[in-house]
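See structure below.
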Amino acid sequence: MSDGVGGRGDGLLSSIRIPAFALFLTNFLRYSAVAICLPGTHDAGWARLEGMGMARGQRDSSKTRVRPVFDALWNMSRTWLPDLLMLPRLGVASGGIKVTGDLTLVEGHWEPNEQGLDPPVSLLSWLIRNLWTLGKSPGVETDRAGVLSGDFAAIANALRRLRSEHASRAWWIFEGVTYPDVLLIAPDALVVIEGKRTESGPTTRTSWLLGRQQIWRHLDAAWEIRGKRAVYGFFIVEGDANDNGRSLPAVWREAVAKTVSADALAASFPHRSADETQGIAASFLGATTWQQVCDRFGLDRRQLPETVDGAVPNSPLQRTDCVGR
0 MSDGVGGRGD GLLSSIRIPA FALFLTNFLR YSAVAICLPG THDAGWARLE GMGMARGQRD
60 SSKTRVRPVF DALWNMSRTW LPDLLMLPRL GVASGGIKVT GDLTLVEGHW EPNEQGLDPP
120 VSLLSWLIRN LWTLGKSPGV ETDRAGVLSG DFAAIANALR RLRSEHASRA WWIFEGVTYP
180 DVLLIAPDAL VVIEGKRTES GPTTRTSWLL GRQQIWRHLD AAWEIRGKRA VYGFFIVEGD
240 ANDNGRSLPA VWREAVAKTV SADALAASFP HRSADETQGI AASFLGATTW QQVCDRFGLD
300 RRQLPETVDG AVPNSPLQRT DCVGR
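Read in order, the letters of the sequence shown are residues 0 to 324 in numbering that gives the first Met the number 0.
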């Protein structure tokens, strides 16, 4: 069902070129804004391997939830986006969203063809100019050490490189490409989705910016390139087992509340004006569950694979005769 490496659809965003694994891993460990904790690396950041397709165990949400559900939706039609946007709750705009414009899907990206989104240039500039004020360790690289210690020449050099050289991983880049689990593109909308299953909450930091949440990274990057499109984002998580999966677990209700808190917004958008932050925040719809999505679109939730070994590639969920079973 995929139309190639770039994902499903007409390719409005360019395809991601995947480098040789060795070079990729070397650059990832050296320059990724979200670094893995290994002895000898320049930063003891939190491991964030989900967007990079690394192994996440037998209950990998991308393979056992995201792909079977969104493959099934994509095979159904291209007109289901308005109904999907009505499912999330507890976000800034949940319950009050007015779906307008042409939301017919023209492109979709998810496992195994996730589409990366570049961080805003304004954020990269802010990090270069302000990281020295946050008390970060200079690390081992000479150029980065100068930026992190507040050296004028190093900061000027980093800003000059940022303006003149396009790079996703380099010593002057302090936040890397962000990979939503799902990216949906319509003529009048960009939608980013974080799919979760076993996680007890969202990713809430990067190596260089404590408190910058993953969902806000997605929305920030989408906002930057939105043009005339509206931007929306939300979580899809495993439902509460005590309610047959129909309601959000308490831990995720709490996580959504923290996501929209003033502290979370301030930590995630130091480079944005108050008006811009408010606009991006209003695009966050909250969270829904995989079970609610299946029920809404008549997908047989009993077919959701429990493990990666039980997930059959290119075998989306089938429709059920009884919606909400």
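Cβ coordinates follow ideal geometry from the N, Cα and C atoms, glycine included.
- request: List the endpoints of the continuous alpha helix (DSSP H) containing G278.
  value: On the sequence shown, position 279 is the one that residue 278 refers to. For G278, the enclosing alpha helix (DSSP H) has its first and last residue at A273 to A280.
query: In three-state terms, what does DSSP make of A265?
result: Reading the sequence shown from its first residue, position 266 is the one you call residue 265. In this structure, A265 counts as helix in the three-state DSSP scheme.
query: If you compare alpha carbons, which of G194, G134, T78 and I127 is closest to R143?
result: Here residue 143 refers to the residue found at position 144 when the sequence shown is read from its first residue. When only C-alpha atoms are compared, the closest one is I127.
message: Assuming F69 and V181 are in contact, meaning their beta carbons sit under 8 angstroms apart, how far apart are those beta carbons, in whole angstroms?
response: Indexing the sequence shown from 1 puts residue 69 at position 70. Indexing the sequence shown from 1 puts residue 181 at position 182. Between V181 and F69 the Cβ distance is about 6 angstroms, and since that is below 8 angstroms, they are a contact.
field: L83 - containing alpha helix (DSSP H), residue span
entry: Position 84 of the sequence shown holds residue 83. Start and end: L80 to L84.
task: Can you give me the start and stop residues for the beta strand (DSSP E) that A166 sits inside?
output: As a working note, residue 166 is residue 167 in the sequence shown. Boundaries for A166: no beta strand (DSSP E) harbours it, and the DSSP string shows neither H nor E there.
query: Does the segment 190 to 202 touch the segment 160 to 169, meaning 3 or more C-beta pairs lie closer than 8 angstroms?
result: Because the criterion of three Cβ pairs below 8 angstroms is not met, the segment 160 to 169 and the segment 190 to 202 do not touch.
Nearest-angstrom beta carbon gap, R58 and E110 [assumed within contact, 8 angstroms]: In the sequence shown, the residue the question calls residue 110 occupies position 111. In the sequence shown, the residue the question calls residue 58 occupies position 59. Not a contact, Cβ separation roughly 14 angstroms.
Residue closest to P119, alpha-carbon to alpha-carbon, out of V105, H217 and E113: What you label residue 119 is simply residue 120 of the sequence shown in a count that begins at 1. Selected option, being the one with the closest Cα: H217.
Run of the alpha helix (DSSP H) containing V91, from where it starts to where it stops: In the sequence shown, counting from the first residue as 1, residue 91 sits at position 92. No alpha helix (DSSP H) holds V91; DSSP gives it neither H nor E.
- prompt: Of the choices T205, A188, D308 and W73, whose alpha-carbon is the least far from that of A268?
  reply: One-based indexing of the sequence shown puts residue 268 at position 269. Before going on, a small fix: residue 268 reads as Phe here, not Ala. Minimum Cα-Cα distance from F268 among the listed residues T205, A188, D308 and W73 corresponds to T205.
query: So T287 is in the beta strand (DSSP E); what residue range does that whole segment cover?
result: Along the sequence shown, one-based indexing puts residue 287 at 288. T287 -> beta strand (DSSP E) spans F283 to T288.
task: Please name the residue in F234, G56 and T197 whose C-alpha comes closest to that of L83.
output: Taking the first residue of the sequence shown as 1, we reach residue 83 at position 84. Measuring from the Cα of L83, the nearest candidate turns out to be F234.
query: Per DSSP, which one or two residues make a beta bridge with V181?
result: The residue given as residue 181 occupies position 182 in the sequence shown. Its beta-bridge partners are I192.
field: Coil, strand or helix - G6 by DSSP
entry: Counting from one through the sequence shown, the residue named residue 6 turns up at place 7. In the structure shown, G6 sits in coil (DSSP, three-state: anything other than H, G, I, E or B).
message: Can you check which of these residues, P81, K227, A185 and R196, is closest to R7 by C-alpha distance?
response: Here the question's residue 7 lines up with position 8 in the sequence shown. For the residues P81, K227, A185 and R196, the minimum Cα distance to R7 belongs to A185.
Proximity below 8 angstroms, CB of L123 to CB of I172: Walking along the sequence shown from the start, residue 123 turns up at place 124. Walking along the sequence shown from the start, residue 172 turns up at place 173. Yes; because the gap between Cβ atoms is below 8 angstroms, this pair is in contact.
CA-to-CA distance, R318 to W131, given in whole angstroms: Position 132 of the sequence shown holds residue 131. Position 319 of the sequence shown holds residue 318. Distance between the alpha carbons of W131 and R318 is about 55 angstroms.
Alpha-carbon spacing of A256 relative to V250, whole angstroms: Counting from 1 along the sequence shown, the entry for residue 256 is found at position 257. Counting from 1 along the sequence shown, the entry for residue 250 is found at position 251. Using only the alpha carbons, I get a separation of about 10 angstroms.
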